[in-house]
Structure formats: C-alpha cells, structure tokens
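Protein chains in written order, with our numbering: chain A, 1 to 576; chain B, 577 to 928.
Using N, Cα and C, we set each Cβ at its ideal position, and we do this for glycine too.
Note that the structure is predicted; figures quoted are calculated from it, not measured.
Only one structure is covered here, and it is reproduced in the block below.
Next up, the structure:
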C-alpha cells in the first residue's frame with residue numbers, strides 16, 4: 001500500500017473534526033485565557049494568586065474538593081458490593097436490573113434534581129406522607145438545600161460508573177486465579193486483599209477518578225439541590241458570569257478548574273489504559289455462578305433492594321408526583337380533592353406568563369428536539385471521519401498516521417475534561433463578537449452540545465470500526481469490490497448499529513445538556529432543562545407540577561435513549 | 577498404603593449430573609491419572625478434592641480423616657490449573673513465593689525455596705520476569721513451580737499441557753514426569769490425552785459421563801480395556817458385535833468374521849475387540865490360530881507405521897504395521913492371522 005497517500009488520506013479525514021475543535025474549543029478556551037489576564041497588572045500569576053487568596057474563593061475551592069471526595073467515597077461504598085454481585089453471580093432479572101441501573105447516569109441533572117425534589121423536597125412524597133401521618137404543619141425532612149442532597153444525588157448519579165467499570169472488569173477476571181490463591185493457603189480475606197483488590201485496583205481507581213471528576217465539576221445538582229449556601233467552582237463561575245457579570249474572575253476560575261480536571265483526566269487516561277491490559281480475561285458465562293445458599297441470597301437481596309431503592313425510587317417518585325394533585329391543609333385552605341391529574345401536562349401547552357416565557361412551555365420540547373437533531377447531524381458528520389481515521393491506525397506499518405493518531409486521539413477527548421459551564425463561558429467570550437459572531441445564530445447551542453457529545457460519539461464509533469477485520473475488506477476487494485463498494489456493502493452495514501448508538505448518545509446528551517446551555521441560551525428559546533430550571537425556581541404548586549411534568553418527559557426520552565444504546569451496544573466490555 | 581480415598585462422590589450442577597458415584601484411592605508417592613473426554617467430570621473431581629467444590633454425596637478422606645468442611649486454604653494441597661491461573665500482577669518470584677508467604681515462612685527461607693523450585697523446573701534466572709511476557713511453556717513451568725513450592729503432600733494437575741502445541745507437549749511430559757518421580761510426589765494428573773496419562777501415571781482412572789469406566793495400570797487398560805468406551809477412547813476401534821455359542825462342546829463367538837474360538841464365562845451377545853497388537857498379516861504363527869482372507873482397501877504411510885484398512889466380510893478393520901515389514905498394496909488380497917487367545921477381547925455390549 002502507498003504509505004504516503006494513505007497518511008494523506010488520514011489527514012484529510014482529520015480535517016473537519018480538527019477545524020471544529022480549533023474554532024469551537026480552542027478559540028473559546030483561548031478567549032477565556034485572554035479574559036483571565038485582562039486585569040493582570042501584576043503579571044500572569046497575579047489574577048490567580050488574587051483568586052486563590054480570597055477567602056470566599058478559597059471556601060468554594062475547599063467545598064468543591066471536599067464534597068467531591070465525600071461523594072466519591074460514598075459512591076464506592078455502595079458501588080463496590082454491587083459490582084461484586086453483578087460480576088460474580090447470575091440471577092433472574094439481572095439484565096433488567098443492569099439496564100435500570102444504567103439510567104441515572106444519562107439523566108440530565110435537572111431531572112435528577114427534580115426527582116429528588118419530588119421524593120424528599122418540601123412538597124415531596126416523604127414529607128407529604130410524614131405530614132399527613134403525624135399531622136405536621138411543616139415538612140419535617142430538610143433535605144433540599146443541604147449537603148446531603150448534593151451527596152445523595154452524586155451517589156445516585158455515579159454509582160453506575162462503579163458498577164459498570166469495576167463490575168465489567170471483575171466479571172472477566174478468571175475466578176481460578178482466586179482458587180489458585182486458596183489452594184496455596186490464602187484465606188478468603190487473604191485472597192481479597194492480595195489478589196482480588198490488587199487486580200481490581202486499576203479499575204477501581206479509574207472509576208473513582210472519573211466519579212471524582214464528575215463530582216468536582218458538578219453543576220446542576222449543586223445549583224438546584226444545594227441552594228444558595230453551597231457553590232462548587234462550576235456554580236461560582238455561573239454566578240460570576242450570569243449574576244455578577246464578573247467575566248475576568250469567571251475566566252480565572254474556569255482556568256483553575258480546567259487545570260484540575262485536565263490533570264485528573266490525564267491520570268484517568270493512564271489508569272484506564274491499565275484497565276484494558278490483557279490479563280487472562282474470561283467470558284462472563286464462565287466466571288459467574290448462580291446464587292446458592294440462603295446467606296448469599298439474603299445478602300444479594302438486600303443489596304439489590306438498596307441499589308434499586310437508591311437508583312430507581314426517585315425516578316418513580318418523580319413520574320408519580322407529576323401525575324398527582326395534592327392539597328395540603330397547611331398550604332392551601334381550599335379543599336380540592338387530592339388525586340391523579342393530568343393538569344400539569346395540560347398546563348404545558350398554555351402560555352400563562354407572557355413575560356416569563358414568550359411561548360407556551362411545550363414549545364421548549366420542540367426547541368430541544370430541533371437542537372438535538374442538529375447536534376446529532378453535526379456530531380456524526382464530525383465523529384465519523386475522526387473515528388474512521390482512528391480505527392485505521394491499528395493496521396500495521398503506517399507510522400505517520402500512527403503518530404498522528406496518537407496525538408489526535410487524546411485531543412478528541414479533551415472536551416470531556418472540560419466542564420460544560422467553562423465551555424459556555426468560552427462561547428460567550430469568543431463567539432459573541434466579531435470575527436465569529438454567532439450570538440444570534442440558532443446553531444450556537446447545537447455547536448456547544450456537539451462539543452459535549454463528540455467524545456462519546458467517537459468513543460462508541462471507533463471500537464465498532466476497529467472491529468471490522470481487515471480480512472473482510474480484503475475478501476471483498478479480492479471478490480472485485482471497488483473501495484466505495486467495500487464501504488457500502490461491508491463497512492456501513494457493520495457500522496450501522498454503532499452509528500445508531502452514537503446518534504442516540506448525541507441526541508440524549510443534547511436533550512439534557514444544562515451547564516453550557518444555562519450560559520448561552522436565549523430566554524426566548526428555552527430548552528427543556530432551561531424550562532424546568534425556571535419552573536423549579538419559581539414558587540407555587542403549579543410551577544412545581546409543571547417542572548415535574550417536563551422532567552418526567554425528559555426522563556422518558558433520555559432513559560429510552562439509554563435503553564436503546566444498551567440494546568445495540570456490541571462489545572461486552574464497554575468503553576467509557 | 578493409600579493416603580487419599582474417594583468414596584461414592586456425587587455432584588450435580590443444576591440438572592446436570594457432573595460426577596456420579598466416583599470412588600478411587602491414591603497411594604503415597606503414586607501418580608494417578610484421571611483420563612477422559614472433556615466434560616466427563618474429571619476436573620470437577622479435582623475441584624472437590626481441592627475443596628473448591630463441595631460434593632453433594634460421598635466423602636473424601638485424607639490419611640483416613642474426612643476432608644468434609646475444610647476450606648481449600650487449609651487443605652494444603654497443590655493444584656496446577658489448566659491455563660495456569662498465574663497472578664498477573666506479580667512477577668515470577670512473587671507467584672512462586674505466594675504459597676510460602678501464606679505459611680508465614682521467614683523471607684530468607686522463602687527465597688531459598690523459590691530458588692530451589694525454579695532451579696528444579698529450569699527457570700533459575702527468571703525470578704524477576706513479568707509473568708505476562710512468558711511463553712506458554714515458561715508459564716506452565718512457573719505454575720508447576722508455584723504449586724510445588726509449599727511441598728504439598730498431594731499435587732493435582734488439571735490438563736497442565738492442554739494449551740500447548742504438540743512438540744512442546746511431548747517434551748514437557750517427559751520433564752514433568754522426571755520432576756514428579758524424582759521428588760516422589762503424590763500426584764493426580766487430569767488429562768484427555770491417553771499418551772500423556774500412560775507416560776506419566778502408575779495407574780489410570782478412565783472416566784466417562786461422570787462415572788468411572790476402569791481403573792488400572794496403563795498396560796492393563798491398553799491390553800484389557802473394560803468397556804467399548806475405554807477401547808474406543810484409547811484408539812482401539814476394531815470392534816464388532818458377536819454372540820457366544822457352543823459348537824461341538826467348545827465355546828465360540830459368532831461374528832461377521834465367522835466363528836472364533838474363545839474361552840469365556842460370558843454368554844449371549846457381546847462386543848468383540850480385535851486387538852491390533854496381536855495380529856499379523858501374511859505371516860505364519862505358532863500354535864492355535866485363526867486365518868482370515870480379506871482385501872486391502874486402504875494403505876496409508878504414517879512414518880514408522882503404515883496403516884492398513886482390511887475389508888473382511890463387510891467389516892472394515894484397521895491395523896498399524898511397521899513400515900519396514902513387507903505389506904500388501906491397495907486392492908491386493910491379504911491373509912489376517914491371529915491367535916484368538918491373544919487378540920480377542922470380549923466386552924459387555926452397550927449403547928455406545
């Protein structure tokens with residue numbers, strides 16, 4: 001094969017995604033850098049030093065790290081036993097349980113916040129029940145606006161990561177390694193500490209690090225469930241941008257956060273490389289056994305109950321609450337009967353607050369759909385060539401494109417390590433003025449969403465493209481297929497499912513995206529998450545009900561997307 | 577004096593009866609082979625002796641003490657796994673030292689013992705190597721060293737050569753045999769390859785579908801297979817049905833080859849095995865003999881041996897003769913000569 005020509009083709013494939021990254025990632029990021037130095041009379045370091053020494057920013061930083069640390073610890077505490085259960089045992093309903101447990105991870109933060117509100121908020125199920133049982137006039141559980149709300153929501157969100165990453169790895173570990181240790185005299189405890197944990201350590205630390213990164217950059221959960229008392233760096237950037245319009249400080253904070261997350265992401269990438277190290281992996285059917293004996297059944301039952309309780313109850317609570325009309329003696333003097341209602345959904349199509357919305361809330365669904373479809377188109381148009389180029393690298397000999405890919409692969413993942421709010425801030429700073437003024441463009445939000453979704457799209461397409469064995473292509477070529485025919489008859493059919501998965505990823509991510517959207521969306525075109533946010537920050541039972549109704553709709557959309565992805569994913573070991 | 581005794585072991589996984597009523601004994605210093613096709617339950621028997629699985633019924637005794645309820649790590653037996661199950665996060669030294677560390681031996685003694693067993697398996701300079709970079713044969717020897725290091729009173733080897741290519745396997749069988757015999761190691765060797773079993777073991781237990789078909793020395797099993805399954809499994813395929821009859825006061829077995837005199841207590845229908853080792857072609861034999869005319873339908877050269885397929889009365893019989901002897905060509909007729917006393921085995925008729 002002509003090496004030079006093929007590496008030129010590699011470069012050509014890279015061109016669109018690279019141009020996109022340059023314009024909509026590096027340029028906004030550069031603008032943030034520029035903005036952070038705007039008032040730097042005392043040198044480059046001065047603005048950072050100023051921020052770091054300010055007590056209020058220090059408090060934000062300490063809180064951000066502290067809550068992320070605690071959340072990660074709690075997530076591991078719950079996730080590791082669950083991972084063990086899923087890795088080593090077969091039981092009825094397991095695949096259903098796994099599919100259900102995957103849902104929280106893809107749910108938009110707004111839905112999660114609304115779900116916990118519906119369960120534990122002042123108008124949530126728990127408080128309503130307690131109030132009616134004990135005849136209380138005030139909600140007894142003060143969950144919302146407490147640190148616990150933040151921690152629990154983070155655990156809710158990220159337990160899936162531990163279950164997936166550690167569980168998948170664990171499920172493929174050869175149990176005979178443990179048996180070998182036992183026959184050599186190691187007790188159960190000895191086997192756990194000397195064999196299982198050291199072997200799992202790369203997976204556990206990679207999962208923990210990823211959870212930490214997500215908790216560290218948490219935005220929606222902290223903004224809505226934490227209330228005004230708690231702010232992570234991410235929330236602080238948002239406040240500084242939207243409320244105080246202190247863009248230079250917001251930029252400084254963004255850079256600080258970016259440095260932290262990039263550092264952590266680099267470590268994460270190293271660790272996940274070690275996770276994929278080929279150590280005697282086994283198919284799951286071989287490593288798993290049915291639950292036997294009442295003790296293991298009891299423990300498994302308790303664990304499943306706990307996991308399902310934590311991960312599913314809030315979602316059911318949300319859906320149920322959105323159909324329930326309640327009249328509290330303490331809240332309202334009118335005594336309309338409590339019961340099932342569709343009112344919150346019907347209200348969505350009524351434009352009640354002209355000043356607040358300009359359009360009926362249901363319009364947000366159409367707006368979100370439009371943005372999501374644009375995002376899917378953009379993300380595929382950019383992700384396909386990039387994944388194509390990446391997958392070709394594994395062929396031998398092409399050292400130039402090999403080197404190119406080694407550099408470009410992590411580059412494509414960079415947006416993953418950049419928080420959405422930072423991205424939003426960058427868009428505000430860079431794309432709101434010439435030479436590239438997109439402030440009024442309807443493409444602004446799809447562009448931001450594409451940036452968030454692109455790493456996921458590339459990550460799900462590349463393994464599928466790689467799985468096409470070169471032999472198949474060669475066989476087709478020998479049988480007389482021209483290159484474009486190989487593409488049409490061999491590659492595309494094989495890649496079809498992966499494209500579907502990638503498109504669904506892009507779609508659900510766009511539907512639920514809140515961090516970047518919160519900064520750049522225009523008030524007259526609210527997406528579903530923006531509408532939920534506005535409703536939930538307004539007082540009144542009707543607003544609350546509509547927030548829950550919209551959240552339920554969004555939950556159904558994103559959860560179906562997730563289940564679709566689960567259904568069509570090819571590889572047994574997933575790539576995150 | 578037997579050190580290990582299995583009595584009526586049964587084990588089911590769900591609806592599958594993996595092991596049904598297995599009993600045998602192992603004497604001190606003996607190498608016993610468990611031979612059978614894959615899925616015959618031999619590895620499950622091993623797992624139960626090691627304590628990794630619990631028998632549903634039956635008991636396993638070690639030095640006349642029942643092992644029931646003793647967890648694997650307190651049994652002190654060595655088990656070498658198929659595919660070796662080396663600890664991928666440890667180097668060769670740490671792998672071999674693992675069992676010794678569990679006994680809380682002082683580090684100096686561990687170092688000495690590890691060096692000793694690595695020397696024994698011929699990997700003296702390998703102690704700092706990463707196990708993931710070793711070849712199959714080297715991994716196999718590390719696994720052997722690891723299971724030998726704690727001086728287990730019983731060493732079990734589960735298809736230890738299964739995943740290696742043929743040439744390497746033949747060399748390692750010899751090495752393994754030498755190591756086990758020199759250290760007078762009591763061992764159970766599980767394999768599906770009768771050549772390995774015959775080469776290594778003092779006695780062989782042939783298993784099929786979870787049950788024991790035959791126990792005996794390799795020579796006994798080869799010369800007197802107890803069932804058609806055993807005969808077929810070790811490659812004796814000249815089997816045909818017959819019926820015991822009494823003709824003129826003498827017992828004969830009526831076969832498609834014609835009546836063959838035999839000395840037996842059996843009666844009725846039987847399976848007849850014509851053992852290829854006692855058969856000659858186009859030769860004269862001393863003493864009582866049967867001579868049969870047939871036609872050579874196939875002759876294929878296999879190195880030192882030459883395979884002849886002979887058609888006699890609609891039966892096709894296969895024999896390997898030394899290539900150096902004069903042999904008939906394809907299409908020629910030939911005379912098969914054998915002493916029924918030596919060549920005929922009568923086996924119970926079954927469904928195989």
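- Secondary-structure assignment with DSSP links residue 701/B through no beta bridge to anything.
- Its chain contains 57, 249, 252, 253, 256 as the residues whose beta carbon lies nearer than 8 Å to that of residue 51/A, once the 5 sequence neighbours on both sides are disregarded; these appear in chain order.
- In terms of beta-carbon proximity, residue 631/B stays away from the interface with chain A, with every pair separated by 8 Å or more.
- Within the region 168-186 of chain A, the residues whose Cβ lies closer than 8 Å to some Cβ of chain B are 174, 176, 177, 179, 180, 181, 182, 183, 184, 185, 186, listed in chain order.
- Residue 765/B is not a Cβ neighbour of residue 603/B, given a cutoff of 8 Å.
- Its Cα nearest to that of residue 652/B, the residue 674/B stands out among 706/B, 771/B, 674/B, 591/B.
- Beta bridge pairing from DSSP links residue 325/A with 339/A.
- The beta-bridge partner set that DSSP reports for residue 784/B consists of 787/B.
- Between the beta-carbon of residue 452/A and that of residue 516/A there is about 7 Å, and that keeps the pair under the 8 Å contact cut.
- Annotation: the region 605-679 of chain B contains the following complete segments of the beta strand (DSSP E) (minimum length 3 residues), in chain order: 607-611, 633-638, 654-656.
- If you draw a straight line from the Cα of residue 724/B to the Cα of residue 704/B, it comes to about 19 Å.
- Under the 8 Å Cβ criterion, the region 883-896 of chain B counts as touching the region 827-837 of chain B, having at least three qualifying pairs.
- Cβ proximity to chain B below 9 Å picks out nothing from the region 252-276 of chain A.
- The continuous alpha helix (DSSP H) containing residue 190/A extends over residues 188-191.
- Assignment of residue 56/A by DSSP, reduced to helix, strand and coil, places it in the helix class.
- Contact note: residue 199/A reaches chain B through 663, 664, 665, using a C-beta cutoff of 9 Å and chain order.
- Looking at the backbone, the Cα of residue 923/B and that of residue 166/A are separated by about 56 Å.
- By the CB criterion at 8 Å, residue 547/A and residue 565/A fall outside the cutoff.
- Excluding the 5 residues flanking it on each side, residue 852/B has same chain C-beta neighbours closer than 8 Å at 812, 814, 894, 895, 896, in chain order.
- At a cut-off of 8 Å between beta carbons, residue 220/A makes no contact with chain B.
- Taking CB atoms only, residue 553/A has no neighbour in chain B less than 8 Å away.
- Under DSSP, the beta-bridge partners assigned to residue 89/A are 289/A.
- Just measuring C-alpha positions, the residue of 241/A, 74/A, 140/A sitting nearest residue 155/A is 74/A.
- Apart from sequence neighbours up to five positions away, the residues of its chain that approach residue 594/B with a beta-carbon distance below 7 Å are 587, 588, 617, 620, 786, ordered along the chain.
- Rounded to whole angstroms, residue 361/A and residue 108/A show a C-alpha spacing of 18 Å.
- Interface annotation for the region 713-734 of chain B against chain A: 722, 723, 726, criterion Cβ-Cβ distance under 8 Å.
- Runs of the alpha helix (DSSP H) spanning 4 or more residues and lying entirely within the region 117-199 of chain A occur at 125-134, 147-171, 175-183, 188-191, in chain order.
- Using a Cβ-Cβ cut-off of 8 Å, residue 121/A does not count as an interface residue toward chain B, since no Cβ of chain B sits closer than that to its own.
- The Cβ-Cβ distance between residue 554/A and residue 111/A falls below 8 Å.
- At a Cβ-Cβ threshold of 8 Å, residue 699/B and residue 668/B count as neighbours.
- In the DSSP assignment, residue 882/B forms a beta bridge with 877/B, 897/B.
- With fewer than 16 other CB atoms across the displayed protein chains lying within 10 angstroms of its CB, residue 493/A is exposed.
- In the three-state DSSP reduction, residue 370/A falls in the helix class (H, G or I).
- With a 10 Å radius around the Cβ and a threshold of 16 neighbouring Cβ atoms, residue 102/A comes out buried.
- With a threshold of 16 other beta carbon atoms within 10 Å, residue 449/A meets it and is buried.
- Within chain A, the residues whose beta carbon sits less than 8 Å from that of residue 679/B are 185, listed in sequence order.
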